[in-house]
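As structure tokens, the structure follows; a few thoughts come after it.
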Amino acid sequence: MKIFRRRNKYYCKAASSSLLFQPSGDVGPCYYNRGYIFGKYPEKSIDEIWDSINRKNLIKSIKNAKFNLGCYQCKKDIDAGLFYSSGISKYDFIEIDKKESKFPSLMAFQLDNICNLECIMCSGEYSHLIRKNREKALAYISPYNDNFVEQLKKYIPHLKIAVFTGGEPLLIPLYYKIWDKIIRLNPNMSVTITSNGTVLNDSIKEYFEKMNVSITVGIDAVDAEVYENIRVNARLDKTLKNIEYFNNYCSRKNTKFEIKTLITPQNYKVVQNLFYYFSERGIIIMPKLAVMPFYSSMMSLSVEELDHVVLHLSTLIYNEEDEIAKINFSRLNEMTQQIKQMRNNLILDIDNYKSYSLVDLKVLLIEYLKTTYESKVYLSPNEFDFYQKQIDIVFDKIDDEGVLRNAVLCLIKIPGDLILNEMNRSELEKFIARVKQTGEYYI
């Protein structure tokens, strides 16, 4: 394969050097392969998870150019020439040290869903306020505890990088206990925090001064009305003021400051303002297309609307002599190409299905997923019966026929491989919540 001719056997460095601790206790290799699990905490210790047969099998699979253990999306992106969009690129910076191979170089922590915002594209999986106010469901209980922090003592001296996401990392108490260990055991290592940019105080600043922190802030517009409609509970003026501090801190510490933005139907008309604003300030932007929930995905738009989006984003003008602007707008161009591919793959006759009975819609959805499964576009780790049973449970658990009907009509507009991947990576209860959320939005 072409990818292996131009990269060595460690081309995917996450497989052999990284652990991601997920909110459910599941532990896998990275943010992009959540369906293949090495083990679950606290059922297994960190030692047992790192030494697991599943981790060894994934490393072997990658070396043999196999992608069926949850890595299909990276293969798909690379084959499409979308290296920046692939998960592989996000782990390309890791330096593999064979002497340290007994320990991970990178640990990523996504331990809790404590968050002060209720962003429209988010879910209760990542915000306890959404779980309480929008989903009106029982709170998720994080399985991580002080014993987990104690187990980390063995690993922290060997880490090169620790990544913290949430929820909102700066509001998660257990992270401060981990940072205390880092400050004591390995203060020179790289720490990366992905924040919504709304939380900052003197205590946080003191912690930052004792570590080498790279900061990524999620912000989707610099137009106040658009931003505050997306990032519910946030104030743009406060976020931009905090961003100024974070950027200055990273410049002084010689660490990395970046902006992460989701391109959605809610912000694409003003996204150029965000790119101009941060490019002028020398700040790198990492754009991404939302997939779920459906109403925050470009796939929710019609062919005509997608044509307009592509035209709008393709005609933006920027200073080509500015290196930061060149990087940022080249990434935006890659997103535009993805939207163009999305437009070309969109089902055109969706209206034909609106008269279908709920039973017929269920059959249609299952056949749609089965066709995708059998095409081998999605290299699934499960038999198809696994997905069919999940669909059966979704139909049993969502008792509002209108919500369920709308949800199915939305799902059949999404590429089947993305649905299968979402079902594979998510706990069933969380997948049901996402499906219900989609159906309720379109009532």
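Residue numbers for the sequence shown follow my numbering, so the first one is 13 and each next one is one higher. For every residue, glycine included, the Cβ atom is placed at its ideal position computed from N, Cα and C. Values in this document were obtained by computation on a predicted structure and should not be read as measured data.
For residue j and residue i, the rounded distance between their alpha carbons
i	j	result
I444	A233	30 Å
S113	A26	13 Å
L32	L164	13 Å
T206	Y380	36 Å
F398	E162	37 Å
L182	L212	8 Å
D89	R343	14 Å
K250	K144	25 Å
N279	D63	44 Å
T384	D429	6 Å
L440	S226	34 Å
V203	E218	15 Å
S146	F407	For clarity, residue 146 is Arg in the given sequence; the question names Ser instead. Cα to Cα, the separation comes out at about 21 Å.
V238	S73	44 Å
Q284	N254	21 Å
S57	L328	51 Å
S438	G47	7 Å
P277	G82	29 Å
K409	I403	10 Å
M201	K281	40 Å
G451	D363	16 Å
G37	Y152	11 Å
I405	F79	28 Å
G294	Y365	48 Å
Q350	N159	44 Å
L423	R417	10 Å
D192	K222	9 Å
D412	E317	30 Å
N356	D319	10 Å
H324	N345	11 Å
I339	S387	36 Å
D235	N394	44 Å
Environment of residue i [buried if 16+ CB atoms lie within 10 Å]
i	result
E130	buried
N45	buried
G93	exposed
S132	Per the sequence shown, residue 132 should be read as Ile rather than Ser. Answer is buried; the Cβ neighbour count reaches 16.
R243	buried
E180	buried
S326	exposed
E434	buried
K401	exposed
V415	buried
K87	buried
V39	buried
P427	buried
S367	exposed
R446	buried
N76	exposed
S369	exposed
R67	buried
L313	buried
L150	exposed
N483	The displayed coordinates of the chain run from 13 to 455. Any statement about residue 483 would go beyond what the structure contains.
Within 9 Å, strictly: CB atoms of residue i and residue j
i	j	result
P155	Y53	yes
E292	V229	no
V303	S309	yes
V375	K352	no
I65	S28	no
E137	K442	yes
I173	S117	yes
S135	P305	yes
Y187	M119	no
F287	F341	yes
I231	T267	no
D178	F258	Reading the sequence as shown, one finds Gly at residue 178 and not Asp. Cβ atoms of G178 and F258: not closer than 9 Å.
L141	N128	yes
K300	I275	yes
C265	N224	First, the residue type needs correcting, since residue 265 is Lys and not Cys in the sequence shown. For K265 and N224, yes; Cβs fall inside 9 Å.
E256	R247	no
D124	P35	yes
F500	L171	Residue 500 lies beyond the range of the chain shown here (13 to 455); nothing can be said about it.
Anticipated Cβ contact below 8 Å, residue i with residue j, distance rounded
i	j	result
I126	I184	5 Å
L377	V420	5 Å
F121	F176	5 Å
M311	M347	Not confirmed; about 14 Å, so no contact.
CB contact below 9 Å: residue i versus chain D
i	result
K448	The displayed structure is made up of one protein chain only, and chain D is not part of it.
*asked:* I'd like the ranges of any beta strand (DSSP E) spanning at least 3 consecutive residues and lying wholly in the stretch 386-438.
replied: none
*Unbroken alpha helix (DSSP H) runs of length 4 or more, entirely within the stretch 270-347: which are they?*
283-292 and 315-326
*Considering only residues of the stretch 220-250, which uninterrupted alpha helix (DSSP H) runs meet the minimum length of 4 residues and lie entirely inside it, listed in chain order?*
236-242
*Any chance you could list the alpha helix (DSSP H) runs of at least 4 consecutive residues sitting entirely within the stretch 137-213, in chain order?*
140-145, 158-164 and 185-197
*What are the start and end residues of each continuous alpha helix (DSSP H) run of 4 or more residues lying completely inside the stretch 15-65, in chain order?*
26-29 and 58-62
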